Amino acid sequence: MHDKNFTPAAAVGEEPECNPTSNPWFTDIVERRYGRRDVVKGGVAVAVSSFLATSALAQGNGHGGNDDGEDYGNARPRRRIDPGYQAVPAFNPGFEDQVVVPEGYSVQVLSPEGAPLAAPYPPYIPGDFNTGADRESQAGAHHDGMHFFPLYRGARGNQSGVLCRNYENIDQVFLHPNGFSRNADGSRPVEDEVRKEIASHGVGVFEIEKRANGEWRTVRSKYNRRITAQTPMDIAGPARGSDLLKTKYSPKGTRTRGTVNNCANGYTPWDTYLTCEENWAGYFYNTVTTGRPREHSRYGVPAAATATYGWGTRPEDKYARFNATPSTPDFYDVQGALQDYRNEANNFGWVVEIDPFDPKSTPKKRTALGRFGHEGAWVAPTTIGKPVVVYMGDDSRGEYMYKFVSKKPFAPWEACGDEYLDEGTLYVARFNEDGTGQWIALTFGKNGLTPANGFNSQADVLINTRSAADYVIATRLDRPEWAVVDERSGHVYLTLTNNSARGTGNQPVDPANPRAGNPDGHIVRWREDRGRFWETEFTWDIFVFGGPSLQTVQSLGAVAPYNANPAYAAQVFPGTDKQAYLGDDATFNSPDGLWVDSHTGLVWIQTDGYSNTARGFGNQQMLAANPETGIVKRFLVGPKGCELTGITATPDRRTLFVNIQHPDGTWPNINGETRPRSATLVITKDDGGVIGT
């Protein structure tokens, strides 16, 4: 999450740390597995040598492509390919406010913030002088995770589909061109400003098609709709009806309104969209400062309206619900909860399922998947007769990695979310220093999750997922974000974006963690026992560490920022003294978005970090990697201030959709407008080939 003007209850880019436990840090486990000497030297890319070729990583600029003459269209090639394009430079002063892609590729801007999206299709007023009512039918802000659902089978499905796209957050300074009104106590005197902010969150569902001239456009379609932070939602699964979800709006605890901070995503085999509520806690406030319930404290719900957007200061019920202050002394007084919105925050932090093909359907919050800062919800490849498995990261410092395993075995002829996402087992990951790991069940009555230890039902466990994971001693991670599955190898990849708090509080710099701030992040991967996603044992390794190139490290010497020991940027393969480095064509920091193309086998990496030309980092970027050869190449560099996020493709992989979120220059500069706007990129290869080849 990022906001140039205001970020609720958090530093830019992340939630406040809320984990008070002494559970083990993953970085300490890495040190014990690979050895302190290797970790101190191994900042850029620590990986098992059987998976990454040393020479390829050392060069960082290998050559790939379809040299065997195969057509990588709808048919999946027999082998993984290497990125087959000339890498884009990390930075170029002449391109700092543009999108840069390799030679031979073209980019179109599609549906930027404020573009008409649903009926009555109000036109965008340059400068964004639209009203809140307008925005309820327009594209929201901060485009993030998305998925393309083809409308037809075969070739026509590559030219027409429904795009589901998240709108994560807002930039108030840009959203209100004449400025916004706010009193010293955080209260908001102008209702339409609040209405516009709420409407800029959520999800857009809209049809797009490829025209005869090759350009894509939004179609005014029966599928088009906006889902915002006010849209009615059903609560499904084990927590439905819990006393902890009951509010003045829903005395039975079965419904709520809206979805916020929608970050990464997923999609199901039954063609529904999963949107994820990430940094939701900072939208609410509870002014009670003593005896705060763990449902608030463990998730970082702030104590003052000034730490939020102030929506809850409005008197109208649809806004006042963001004030979670109890009206009676006993927070757990059920009758009191029916008179206020003390429990409204508990209705957020879920995965929300949306049917893109039924605009009259009500989105459902799937409580069986747990409540936390959901970064994504990736459904593993399904097998008939075996459970459905969903992988989910909790994007905050010191939080955990989860997976859900359905109770019911998969049968495509009866597939729907009610069948597979409401009953099952939620697990949290524990990583061991010997390269093994276990999934620990978060099930009421098991693993100490009992009334004696403060857990009174499965609904209680799920509403307090973080506390349950604390209790079973899960492994704390440095901001676990996107998790995706490589169908070819069975590996699951997880980005650990960074940890800016390393060296402070309960995260001191020590021999195992020598870099204060750990600004560059890394990607971990694992494979479940026997390749079965529903198993409870796995083996793991580090796929790659972000960091500068060898050339940059050598040029910086001992004054390298964040790095007292320049050799820390080296890669050391376990059991050897061989060092290798990502080359200038492949350096990056703060990995965030991930996608594995099952056709080409390429692992696509998107970043959301910092620019620092001295360390070799320009604007945020997207890279592609072949995990078997180790070839990594930078494919795209975005405009200044942006985050690269959201990635999906047509079935033939000849059109790639990528989101530019929160640029802060003048991009996309449509018709000369200088106001920056998030937007979707449509990327094609000039020769009509498959992206990345």
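Here UniProt numbering is used: the first residue of the sequence shown is 1, the next is one more, and so on. The beta carbon of each residue, even a glycine, is placed where N, CA and C say it ideally should be. Nothing here was measured: the structure is a model prediction, and the numbers come from that model.
Secondary structure of residue i, DSSP reduced to three states
| i | result |
| --- | --- |
| Ser297 | helix |
| Gln159 | coil |
| Trp280 | coil |
| Glu344 | helix |
| Gly312 | helix |
| Arg479 | coil |
| Val109 | strand |
| Thr645 | strand |
| Lys196 | helix |
| Leu245 | helix |
| Phe635 | strand |
| Arg135 | helix |
| Ala236 | strand |
| Leu369 | helix |
| Ser467 | helix |
| Pro20 | coil |
| Asn447 | coil |
| Arg677 | coil |
| Trp534 | coil |
Cα-Cα separation between residue i and residue j, rounded to whole angstroms
| i | j | result |
| --- | --- | --- |
| Asn453 | Arg255 | 29 Å |
| Pro269 | Ser22 | 39 Å |
| Pro122 | Asp185 | 34 Å |
| Trp25 | Tyr400 | 10 Å |
| Tyr562 | Asn178 | Reliability fails at Tyr562, whose pLDDT of 36 lies under 50, so the model's placement of it is uncertain and no value is given. |
| Thr290 | Lys408 | 43 Å |
| Gly312 | Gly282 | 11 Å |
| Ile198 | Gln138 | 12 Å |
| Thr131 | Asp664 | 22 Å |
| Leu656 | Arg78 | 22 Å |
| Ile473 | Asn286 | 29 Å |
| Leu421 | Asn619 | 38 Å |
| Thr272 | Ala614 | 44 Å |
| Ser549 | Thr587 | 6 Å |
| Thr497 | Glu481 | 7 Å |
| Gly114 | Arg211 | 22 Å |
| Arg165 | Gly140 | 9 Å |
| Ala264 | Lys252 | 30 Å |
| Phe410 | Val194 | 43 Å |
| His522 | Leu369 | 25 Å |
| Asp592 | Thr495 | 6 Å |
| Thr259 | Pro326 | 22 Å |
| Asp541 | Val173 | 43 Å |
| His296 | His201 | 22 Å |
| Pro676 | Phe149 | 28 Å |
| Lys248 | Pro668 | 43 Å |
Cβ separation of residue i and residue j, assumed to be a contact under 8 Å, to the nearest whole Å
| i | j | result |
| --- | --- | --- |
| Trp534 | Val389 | 6 Å |
| Phe331 | Arg321 | No, Phe331 and Arg321 are not in contact; Cβ-Cβ is about 16 Å, not under 8 Å. |
| Val203 | Ile170 | Contact doesn't hold; Cβ gap of about 15 Å is too wide. |
| Arg397 | Glu17 | 4 Å |
| residue 694 | Trp280 | Nothing about residue 694 can be read from this structure; the chain reaches only from 1 to 693. |
| Asp597 | Arg653 | 6 Å |
| Asp470 | Asn158 | Incorrect: roughly 46 Å between the Cβ atoms, too far for contact. |
| Trp526 | Phe538 | 4 Å |
Residue range of the unbroken beta strand (DSSP E) whose run includes residue i
| i | result |
| --- | --- |
| Glu353 | 351 to 354 |
| Phe174 | Phe174 -> not in any beta strand (DSSP E); alpha helix (DSSP H) instead, spanning 172 to 175. |
| Gly266 | 262 to 267 |
| Asp592 | 591 to 596 |
| Gly398 | 397 to 399 |
Residue i, enclosing alpha helix (DSSP H) - first and last residue
| i | result |
| --- | --- |
| Val461 | 458 to 463 |
| Arg430 | It is not in any alpha helix (DSSP H) - Arg430 instead sits in the beta strand (DSSP E) that spans 424 to 431. |
| Ala337 | 334 to 337 |
| Glu487 | Segment: none, Glu487 is in no alpha helix (DSSP H) and carries neither H nor E. |
Cβ-heavy atom distance, residue i to the ligand SAH, below 6 Å
| i | result |
| --- | --- |
| Val301 | Judged by which ligands are present, the structure shown has none, so any question about the ligand SAH falls away. |
Residue i at chain B interface by Cβ criterion, 7 Å
| i | result |
| --- | --- |
| Asp652 | The displayed structure is made up of one protein chain only, and chain B is not part of it. |
Counting Cβ pairs, one atom from each stretch, are 3 or more of them under 8 Å apart for the segment 221 to 234 and the segment 361 to 375?
Output reads yes: the segment 361 to 375 touches the segment 221 to 234.
Segment contact flag, the segment 238 to 257 with the segment 107 to 114, C-beta cutoff 8 Å, min 3 pairs:
Between the segment 238 to 257 and the segment 107 to 114, the count of Cβ pairs shorter than 8 Å is below three; the stretches do not touch.
Does the count of Cβ pairs from the segment 403 to 422 and the segment 455 to 471 closer than 8 Å reach three?
Too few Cβ pairs lie closer than 8 Å, so no.
Counting pairs of Cβ atoms below 8 Å between the segment 215 to 230 and the segment 284 to 302, do you hit three or more?
No, the segment 215 to 230 is not in contact with the segment 284 to 302.
So does the segment 597 to 610 actually touch the segment 470 to 490, counting three or more Cβ pairs closer than 8 Å?
Segments in contact, yes.
Is the segment 582 to 592 touching the segment 79 to 98, taking contact as three or more C-beta pairs under 8 Å?
A contact exists between the segment 582 to 592 and the segment 79 to 98.
Count the C-beta pairs between the segment 372 to 382 and the segment 435 to 450 that are closer than 8 Å, then say yes if the count reaches three, no if not.
Contact between the segment 372 to 382 and the segment 435 to 450 is absent, with fewer than three C-beta pairs closer than 8 Å.
Segment contact flag, the segment 96 to 106 with the segment 675 to 692, C-beta cutoff 8 Å, min 3 pairs
Taking a contact to require three or more Cβ pairs closer than 8 Å, the segment 96 to 106 and the segment 675 to 692 qualify as touching.
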